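Note that the working numbering gives residue 156 to position 156 of the sequence shown, counting from 1, and the numbers run on in steps of one. Ideal Cβ placement from N, Cα and C applies to all residues, glycine included. Given the structure is predicted, the values throughout are model-derived calculations rather than measurements. Take a look at the structure set out below.
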Amino acid sequence: MSAEVGPTLSGGTDEHVRRVRLPADRRTPAAARALVRAMLLEAGLPELLNEALLLTTELTTNAVEHARTELDIEVEADRAGLTVTVTDFASGPVDELTVGVRNTTSDITEVAARGRGLLLVDHFASRWGTTYLPTGKGVWFRLDRPGPRGPGRPAGARAWVATAGTERSDDGTPSAAAMSELMQTTPDPYADDPLPEFATGLLTRVAEMVGAAGGTVRLDRGDGLGTQVFARYGRQPREGNELLRVPLAVHRPYAGELELDAAPSTYARPLAVLAAERLSLHLENDRLRRADVRRSAWLTFLAEASELLAQSLDVELTMALVPQLVVPRLGQWCAVHTTDEWGRLRLAASSHADEAMLPHLHRVLQETGPDSVQSRLREASRSAAQVPLAGPVEGIAVPLIARGQRLGTLAVGRHQRHRHDPDEVSVLEDVARRAALAIENARIHAERRRVAQTLQQSLLPPVLPVVEGIGFAAEYVPTGDDAEVGGDFYDVVPLPDGRWLVVVGDVSGKGVQAAAVTGLVRDVIRVLVGDGKPLPEVLGRLNETLVERGGGRYCTLALAAVAPGDGDQLDVALHLAGHDRPVLLHGGGGATFVGTGGTALGLLDTITTPTAELALKPGDSLIFYTDGVTERRRGRELFGTERLRESAAPLAGYSADVVAARLRAATIAFSVEPPRDDIAVLVLRNDTP
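Pasting the structure below:
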């Protein structure tokens, strides 16, 4: 900052001149006001203080906001008055010097169009002008010292009187204090809704300044309530009165105007425009704040809708959920139509804010014809674009498209109060995209579930054989993910020598690859035992097959060849290839583990599978199981083999069906969580009387 200060003498008249260079900073107007105030007090001109400070603020603020360069402030005071010049250094065209006395009534429209700052300068200054230089532009004003009241006072001087609670001059124009008070009126920052009170106060001030008998601010916020009286002053205008109307400079959906029942005067319209601009500024802030809150609410709604839709993997439930999300937030009613394999639309789900109107809505949606809702829905589905609905149910139809597939339409009826605005239409389109994706995901999951169930059923025998003197029973519980195929399996195969072979196995991993290995193991066993191969050889060749196949998959097996023995007992030859030892449940009570562990198949080139010979007496049961039983978790606790033996012991004497069902129930009840692995239980019982 640089300054040239100090009083100088010119022509024998005392003059006080100061020049200061100030930065383009928001604090510059305050520094300029301090300089002008000091000069006025030094020159003995306190009566010019209000006007000088107001005009200095306007010019410096305008220069800081628009020029954005350093400013030169020159203040010159003498006995007759004060001259202030504000010069910026913004580049622009060089123009002629414009100087003149205060503008007349015919020039006021042009001055008002140049901005509020020049309007105030023209109103209060005795003279003012604009100077264009190669280095920038300067604006100056001159304030003359007021002369004595009466006919003899100098031209341009004004005497101020109090009128209707605000200072006005004797020719009806407002004072600098009144203008300053008008410009400094602001909403209460601590009020919940400060704008109505602020608008009323602003309207009251401007009405008193121009001598209006009444005034009104009307505002439409675009919320469906129409135009409302936002603020009022004085009495209602009489019929025939020509009102001064100024539209509010607000953006859609806001719209409004300021009305004054005032007699035409030089400054009535400019002051009304000034008040309307100040009110519009705060209304725009209110609009933006409300729009921001509304958009935040829409984002929250979309996030919650996405979360709810993502949680459902059932097609029917997902489609039923969509109308519940839309009504009444986005419309009075909602209908979801899906496209069948022939391209026809089928009503899948619907909702209405008034449940009694649902039958009527369904009748309207089923009507056919060129102007029916059905035709508009087909157009939306065919064109993949939103289509307005008319007739008895107004609204909008949005296509449901996911991954390039046209799934149907989402139809939403408008509220009775208002039509859908652009924000709501955008949200509807977003909901339709998310709903379509959720429906498509549910369909894909349903197809995977059907495939998994079909594949799983193909790996298990449809029924167990009925053999005299031998009881077979099995229980199978797939993993908690019903779209996943497990690796557990069981089978009962007749042998060429009249014996029966019980097979219980577990392939590592899950999914299609595990199912493929399971099918391979099951088919190889059936082929080899059908050829009469002994069980040790069957296990050896199966191990070779899995090792050659590779892929990191291995298999554990329990094979038991059962045949009638001496008397009423059953002879069992048990082979374990890495599988858990079965439980022998004695008919007379007690349960023990039997068999000798061996090597799992598919890991090593050579394996060992010791044979255990057992004799099942009448009522004895042999219980086979997979690791889905023993590794069932409750927190960090496992169901375990010991708990399995303890659960089986009280079941002595029961049939194979009961034993298998009770063990399945005990395993499932151990934890509230869905199974993480397949659960398979197979019971072989000596049913000889």
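Check	Outcome
N- and C-terminal bounds of the beta strand (DSSP E) containing Asn686	679 to 686
For Leu283 and Leu182, the rounded distance between their alpha carbons	17 Å
Limits of the unbroken beta strand (DSSP E) element including Ala660	Per DSSP, Ala660 belongs to no beta strand (DSSP E); it is in the alpha helix (DSSP H), 656 to 669.
Rounded separation between Ala577 and Pro689 - CA only	33 Å
8 Å contact criterion, which Gly211 and Ala263 should meet: CB distance rounded	7 Å
C-alpha gap between Asp497 and Val572, whole angstroms	14 Å
Straight-line gap, Ile607 to Gly487 (C-alpha atoms, nearest Å)	21 Å
DSSP bridge partner residues for Ala558 (one or two, in chain order)	Val504, Leu576
Separation of His579 from Ala558, as counted between CA atoms	6 Å
Contact set for Arg499: own chain, Cβ-Cβ below 8 Å, skip 5 residues either direction	Ala561, Val562, Ala563
Local Cβ density within 10 Å of Tyr233, reported as buried at 16 or more and exposed below that	buried
C-alpha gap between Glu394 and Arg376, whole angstroms	11 Å
Closest residue to Ala384 among Ser351, Arg433, Val373, Arg417 (Cα-Cα distance)	Arg433
Run of the beta strand (DSSP E) containing Ser375, from where it starts to where it stops	Premise fails: Ser375 lies in the alpha helix (DSSP H), 373 to 383, not in any beta strand (DSSP E).
At least three beta-carbon pairs within less than 8 Å, the segment 266 to 286 to the segment 403 to 419	no
Within 7 Å, strictly: CB atoms of Ala411 and Ala335	yes
Same chain, Cβ closer than 6 Å to Trp128, five either side skipped, listed in chain order	Val121, Phe141
Three-state secondary structure (DSSP) of Glu613	strand
Candidates Thr57, Leu41, Glu15, Asn50, of which the one nearest Pro29 by Cα	Thr57
Check whether Gly222 and Pro253 have beta carbons under 7 Å apart	yes
Alpha helix (DSSP H) segment containing Gly201, residue limits	195 to 210
One or two residues paired with Val583 in a DSSP bridge	Phe593, Ile623
Segment contact, 8 Å Cβ cut-off, at least three pairs: the segment 348 to 365 with the segment 419 to 428	no
Burial state of Ala665, where buried means 16 or more other Cβ atoms lie within 10 Å	exposed
For Glu76 and Val84, the rounded distance between their alpha carbons	6 Å
CB-CB length for Ala63 against Asp88, believed under 8 Å	5 Å
Nearest candidate by alpha-carbon position, reference Leu585, set Asp620, Tyr554, Asp566	Asp620
Leu604 classed as buried or exposed, judged by whether at least 16 other C-beta atoms fall within 10 angstroms	exposed
Nearest-angstrom Cβ-Cβ length linking Gly587 and Lys617, presumed shorter than 8 Å	6 Å
Gly138 at chain C interface by Cβ criterion, 7 Å	Looking at the structure shown, chain C is missing, and only one protein chain is on hand.
CA nearest to the CA of Pro189, picked from Thr60, His445, Asp286	Asp286
Top-ranked residue by Cα proximity to Gly81, from Leu59, Thr61, Glu47, Arg378	Glu47
Three-way DSSP call (helix, strand, coil) for Val393 in this model	coil
Nonlocal neighbours in the same chain, by C-beta distance under 6 Å from Ala164, ignoring five residues either side	Here Ala164 scores only 38 on pLDDT, less than 50, and its place in the model should not be relied on; the value that follows carries that caveat. If we look at Ala164 and ignore the five residues flanking it on each side, its Cβ neighbours are Glu208.
Distance between Val517 and Thr368 (C-alpha atoms, nearest Å)	55 Å
Boundaries of the alpha helix (DSSP H) in which His251 is found, first to last residue	No alpha helix (DSSP H) contains His251, which DSSP labels as neither H nor E.
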